[in-house]
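**Student:** One structure, as structure tokens, below. Some questions next.
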Amino acid sequence: MTSASNLLQAVKPASALDVGRIRADFPILDVKVNGKPLVYLDNAASSQMPKQVIDRLVRYQTSEHSNIHRAVHSLSEKATAEYEGARRSIQRFINAKEEREIIFTRGTTDSVNLVMHGYGRAFLGAGDEIIVSQLEHHSNIVPWQMLCEEKGARLRVIPCNDAGELLLDDYAKLFNANTRFVAITHVSNALGSINPAKDMIAIAHRHGVPVLVDGAQAVPHMKVDVQDLDCDFYAFSGHKMCGPTGIGILYGKAQFLEKMKPFEGGGDMILSVTFEKTTYNTIPFKFEAGTPPIAAAIGLGATVDYLESVGLDRIAAHEHDLLTYATEAFAQLKGVRIVGTARNKAAVMSFTVQGVHPHDVGTILNEDGVAVRTGHHCAQPVMQRFGIPATARASFYLYNTFAEVDALVAGIRRVQKIFG
Amino acid sequence: MDSKQLYQEVILDHNKKPRNWGKLADASHKAEGLNPLCGDHIWLSLKLDDERVENIAFEGEGCAICKASSSMMTTNVKGKTVAEAEQLVREFRDMATGKLEIDGEPNHLGRLTVFAGVRYLPSRVKCAILPWHTLQAALHSESVVSTEGDQDPVAVTS
Chain A
5 MTSASNLLQA VKPASALDVG RIRADFPILD VKVNGKPLVY LDNAASSQMP
55 KQVIDRLVRY QTSEHSNIHR AVHSLSEKAT AEYEGARRSI QRFINAKEER
105 EIIFTRGTTD SVNLVMHGYG RAFLGAGDEI IVSQLEHHSN IVPWQMLCEE
155 KGARLRVIPC NDAGELLLDD YAKLFNANTR FVAITHVSNA LGSINPAKDM
205 IAIAHRHGVP VLVDGAQAVP HMKVDVQDLD CDFYAFSGHK MCGPTGIGIL
255 YGKAQFLEKM KPFEGGGDMI LSVTFEKTTY NTIPFKFEAG TPPIAAAIGL
305 GATVDYLESV GLDRIAAHEH DLLTYATEAF AQLKGVRIVG TARNKAAVMS
355 FTVQGVHPHD VGTILNEDGV AVRTGHHCAQ PVMQRFGIPA TARASFYLYN
405 TFAEVDALVA GIRRVQKIFG
Chain B
12 MDSKQLYQEV ILDHNKKPRN WGKLADASHK AEGLNPLCGD HIWLSLKLDD
62 ERVENIAFEG EGCAICKASS SMMTTNVKGK TVAEAEQLVR EFRDMATGKL
112 EIDGEPNHLG RLTVFAGVRY LPSRVKCAIL PWHTLQAALH SESVVSTEGD
162 QDPVAVTS
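Chains A and B are the protein sequences, given in the same order. For the first sequence, my numbering assigns the number 5 to the initial residue and increments by one for each residue that follows. For the second sequence, my numbering assigns the number 12 to the initial residue and increments by one for each residue that follows.
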């Protein structure tokens, strides 16, 4: 080990969390990859699940499962109570005003599409404008492009600076009489930039324009209060916050959800059906057609309980320490460029190694058991902005350690040695 | 699978100093190869004369595996007949997807067997195969190929 990294070892900040105890909650962290301990740094793509959530899924499936909102028998009542209990947990977690403002979806992508179909297709028309940002994930671009194509509407883009920070003056200037909707990410998945969502929402509201916030990278890592933000829609996914895949949330203000059209038709979203006319159910059920992933929803409730027991503020503080430590360590690496240097940044390190394609970086790091994401991160416009085809991305979570940052840095040095 | 097996000296050398780099001014056949998922993108031009690859060149951007595979492909098919080149395309593809055992079965791959290790890295198979795929397209005068969708070598063979 070099003297530079020894120096870094010496200045490691005291952790805000008892990470050893937290790691014991995550069975998968004992897995070996290529004979090396797994160093899991792909949390922005999907995070790992603690045994508290795994156990909750097993308990549900072992002794509580039935369909919900259907039958009078005991199991159905139990499953229904647990499913609706999870909804209340999530309502509390993001401080929504009412539980009917919490809709279970398949994930963030599904949530955005629900708003596009239910609100966009109903209320936008030719010549209308939708504002998105340069930092969006494809899931918050493509649905709006589809809407634009269908309606003859137009997409406007908030630019960002070289650090990956959105330019708010330019954003404010995008509004005109035709602006009908704003869809922005809270935290950039590719760069880690934390956008000033509350200010951006206030600007939109001054123009009477509703705002959807993609919170997939925010909710797992920081305290989110939808009433404080005053967003009209907020979308996030279970599997990026230590919960199950196949489940996510759309929060929407009741006043919007009530006037929206259903996205999908089917069972549970109706009050009555005849061949002449169907009356839709009330919110949130109007948007939950068919049998939902009940186990995953209940698992998401347990996930929220777990994160609250650890404390979102402490998780955020620990991740900030990891980011600071990693940023200093990367500064010692010649030929390594950090892509995304926003002042307000989540624990995401997107980087390039001079002369080495990110996929080669990822393959070699994997040999050391280090899992990072490589590619465009479903955010090609971000890559285009920075003039690169792809990056390698290390993204941290509550169970990551300073030693794992060291393993990443050592792996990058090995990449550089191989490519000499 | 140890990455040392894949990132051997010969691959690193071809990555750093790709052979037959550029575009042929007098190309008779051209094709563009694209791997949208990882951004590998190459342009291949060749000059066929009497069913023989008289000259070949490539340029583009991509990972070490794609660049080295492209470079070594050009040195291997130059001077070969179209039939021989197509035979190499098949053998390389079968090696990379694990259908051809290079030690047990007769083949014409020679030094190209340095790429045998990609079979253990399914996410990288496309990188190695892209230039060969593009060569096949050029020989058949298709202009653009992609390793996604119908032409996904991994999806087709696994």
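Note that beta-carbon positions come from the ideal geometry of N, C-alpha and C, so glycine has one too. If you're wondering where the values come from, they're calculated on a predicted model, not measured in any experiment.
1) Check whether chain A comes within 8 angstroms of leucine 141/B, counting only Cβ atoms and requiring the distance to be less than that.
2) For arginine 130/B, decide whether its Cβ has a neighbour in chain A, counting only Cβ atoms nearer than 8 angstroms.
3) My output table needs one value for aspartate 46/A: the three-state DSSP class, helix, strand or coil.
4) Of all the alpha helix (DSSP H) runs that stay within the bounds of the stretch 362–404 of chain A, which reach a length of 4 or more residues?
5) To the nearest angstrom, how far is it from the Cα of phenylalanine 69/B to the Cα of alanine 79/B?
6) Buried or exposed: glycine 129/A, going by 16 or more other Cβ atoms within 10 Å of its Cβ?
7) Quick one: is arginine 210/A buried, meaning 16 or more other Cβ sit within 10 Å of its Cβ, or exposed?
8) For serine 354/A, report the span of its beta strand (DSSP E) as first-last.
9) Return the chain-ordered list of same chain residues with a C-beta closer than 6 angstroms to the C-beta of methionine 5/A, the five sequence neighbours on each side being excluded.
10) Quick check: is the beta carbon of phenylalanine 355/A nearer than 8 angstroms to any beta carbon in chain B?
11) Are the stretch 42–54 of chain A and the stretch 367–378 of chain A in contact at 8 angstroms, needing three or more beta carbon pairs?
12) Can you name the start and end residues of the alpha helix (DSSP H) that tyrosine 175/A belongs to?
13) Pop quiz: glycine 219/A and alanine 300/A are said to be a contact at Cβ under 8 angstroms. What is the actual Cβ separation, rounded to whole angstroms?
14) In the DSSP assignment, what are the bridge partners of serine 82/B?
15) If you count every other CB in all the chains shown that lies within 10 Å of the CB of alanine 94/B, and 16 or more means buried, which is it?
16) Taking 8 angstroms as the CB-CB limit, is alanine 68/B close to chain A?
17) Could you spell out the range, first to last residue, of the alpha helix (DSSP H) harbouring histidine 322/A?
18) Against histidine 363/A, what residues of chain C qualify as contacts under a CB-to-CB distance less than 9 angstroms, listed in chain order?
19) State the start and end residues of the unbroken beta strand (DSSP E) segment that holds arginine 160/A.
20) If tyrosine 401/A and serine 51/A are in contact, beta carbons under 8 angstroms, what's the gap, nearest whole angstrom?
21) Output the distance between the C-alpha atoms of alanine 149/B and glutamate 43/B, rounded to the nearest integer angstrom.
22) Mind checking which residues open and close the beta strand (DSSP E) that includes asparagine 285/A?
23) Mind checking if threonine 367/A is an interface residue toward chain B, Cβ cutoff 8 angstroms exclusive?
24) Could you compute how far the alpha carbon of methionine 226/A sits from the alpha carbon of leucine 254/A?
25) Should leucine 23/B be flagged as near chain A, meaning a C-beta pair shorter than 8 angstroms?
26) In whole angstroms, what separates the C-alpha of alanine 48/A from that of threonine 282/A?
27) Can you give me the Cβ contacts of threonine 109/A inside the same chain, cut-off strictly under 7 angstroms, excluding the 5 residues immediately before and after it?
28) Are lysine 349/A and serine 197/A touching if we call contact CB-CB under 8 angstroms?
29) Kindly indicate which residue of Arg74/A, Ala20/A and Cys152/A has the alpha-carbon position closest to the one of alanine 293/A.
30) What is the DSSP secondary structure of alanine 127/B, counted as helix, strand or coil?
31) For isoleucine 205/A versus cysteine 164/A, is the C-beta distance shorter than 8 angstroms?
32) List the residues of chain B that isoleucine 427/A touches, going by C-beta distances under 8 angstroms, in chain order.
33) With DSSP collapsed to three states, give me the class of alanine 42/B.
**Tutor:** Looking at the coordinates:
1) Here residue 141/B corresponds to residue number 130 of the second sequence, with the count starting at 1. With 8 angstroms as the cut-off, leucine 141/B does not count as an interface residue toward chain A.
2) Sequence index remark: in the second sequence, residue 130/B carries index 119 (1-based). Judged by the 8 angstroms Cβ criterion, arginine 130/B is not in contact with chain A.
3) Your numbering for residue 46/A matches position 42 in the first sequence. Note: aspartate 46/A maps to strand in three-state DSSP.
4) Entirely contained in the stretch 362–404 of chain A, the alpha helix (DSSP H) runs reaching 4 residues are, in chain order, 362–371 and 384–389.
5) What you label residue 69/B is simply residue 58 of the second sequence in a count that begins at 1. What you label residue 79/B is simply residue 68 of the second sequence in a count that begins at 1. Approximately 11 angstroms between the Cα atoms of the pair.
6) Position 125 of the first sequence, counting from 1, holds the residue named residue 129/A. Per the 10 Å Cβ criterion, exposed.
7) Residue numbering aside, residue 210/A sits at position 206 when the first sequence is read from its first letter. Exposed, by the Cβ-count rule.
8) As a position in the first sequence, residue 354/A is number 350, starting the count at 1. Per DSSP, serine 354/A belongs to the beta strand (DSSP E) from 352–357.
9) The residue you call residue 5/A lines up with position 1 of the first sequence. With a pLDDT of 41 at methionine 5/A, under the threshold of 50, the modelled position of that residue is not reliable, and the figure given next carries that caveat. Around methionine 5/A: no qualifying Cβ.
10) Walking along the first sequence from the start, residue 355/A turns up at place 351. It does not: the Cβ of phenylalanine 355/A has no partner Cβ on chain B nearer than 8 angstroms.
11) By the criterion of at least three beta-carbon pairs nearer than 8 angstroms, the stretch 42–54 of chain A is in contact with the stretch 367–378 of chain A.
12) By one-based count along the first sequence, residue 175/A stands at place 171. Residues 172–178.
13) Within the first sequence, residue 219/A is the residue found at index 215, counting from 1. Within the first sequence, residue 300/A is the residue found at index 296, counting from 1. In this structure, glycine 219/A and alanine 300/A do not form a Cβ contact; the two beta carbons are roughly 18 angstroms apart against a cut-off of 8 angstroms.
14) The sequence position of residue 82/B within the second sequence is 71, counting from 1. Bridge partners of serine 82/B: none, in fact.
15) Residue numbering aside, residue 94/B sits at position 83 when the second sequence is read from its first letter. Per the 10 Å Cβ criterion, exposed.
16) Here residue 68/B is taken as the residue at index 57 of the second sequence, counted from 1. It does not: the Cβ of alanine 68/B has no partner Cβ on chain A nearer than 8 angstroms.
17) In the first sequence, counting from the first residue as 1, residue 322/A sits at position 318. In the DSSP annotation of this structure, the continuous segment of the alpha helix (DSSP H) that includes histidine 322/A starts and ends at 316–335.
18) Among the protein chains in the structure shown, which are A and B, there is no chain C.
19) On the first sequence, position 156 is the one that residue 160/A refers to. For arginine 160/A, the enclosing beta strand (DSSP E) covers residues 158–162.
20) In the first sequence, counting from the first residue as 1, residue 401/A sits at position 397. In the first sequence, counting from the first residue as 1, residue 51/A sits at position 47. About 5 angstroms separates the two Cβ atoms, so the contact holds.
21) Here residue 149/B refers to the residue found at position 138 of the second sequence. Here residue 43/B refers to the residue found at position 32 of the second sequence. Roughly 8 angstroms between the two C-alpha positions.
22) As a first step, residue 285/A must be located in the first sequence, where it is residue number 281. Where asparagine 285/A is concerned, there is no enclosing beta strand (DSSP E), given that its DSSP letter is neither H nor E.
23) The sequence position of residue 367/A within the first sequence is 363, counting from 1. Yes - at least one Cβ of chain B is within 8 angstroms of the one on threonine 367/A.
24) One-based indexing of the first sequence puts residue 226/A at position 222. One-based indexing of the first sequence puts residue 254/A at position 250. Methionine 226/A and leucine 254/A: Cα-Cα distance of roughly 18 angstroms.
25) Position 12 of the second sequence, counted from the first residue, corresponds to residue 23/B. Chain A contact via Cβ: present.
26) Position 44 of the first sequence holds residue 48/A. Position 278 of the first sequence holds residue 282/A. The straight-line gap separating the alpha-carbon atoms of alanine 48/A and threonine 282/A is approximately 41 angstroms.
27) For the purposes of this step, residue 109/A is identified with residue 105 of the first sequence, where counting begins at 1. Excluding sequence positions up to five before and after threonine 109/A, its CB lies within less than 7 angstroms of the CB of Ser115, Leu118, Gly252, Ile253 and Leu254, all in the same chain and listed in chain order.
28) To locate residue 349/A, count along the first sequence from 1; it is residue 345. To locate residue 197/A, count along the first sequence from 1; it is residue 193. Going by C-beta atoms, lysine 349/A is nearer than 8 angstroms to serine 197/A.
29) The residue given as residue 293/A occupies position 289 in the first sequence. When C-alpha distances from alanine 293/A are compared across Arg74/A, Ala20/A and Cys152/A, the shortest belongs to Arg74/A.
30) Within the second sequence, numbered from 1, the residue matching residue 127/B stands at position 116. Looking at alanine 127/B - three-state DSSP - the assignment turns out to be helix.
31) On the first sequence, position 201 is the one that residue 205/A refers to. On the first sequence, position 160 is the one that residue 164/A refers to. No; because the gap between Cβ atoms is not below 8 angstroms, this pair is not in contact.
32) Lying before the first or after the last residue shown, residue 427/A is absent from chain A, which here runs from 5 to 424.
33) Within the second sequence, numbered from 1, the residue matching residue 42/B stands at position 31. In the structure shown, alanine 42/B sits in a strand (DSSP, three-state: E or B).
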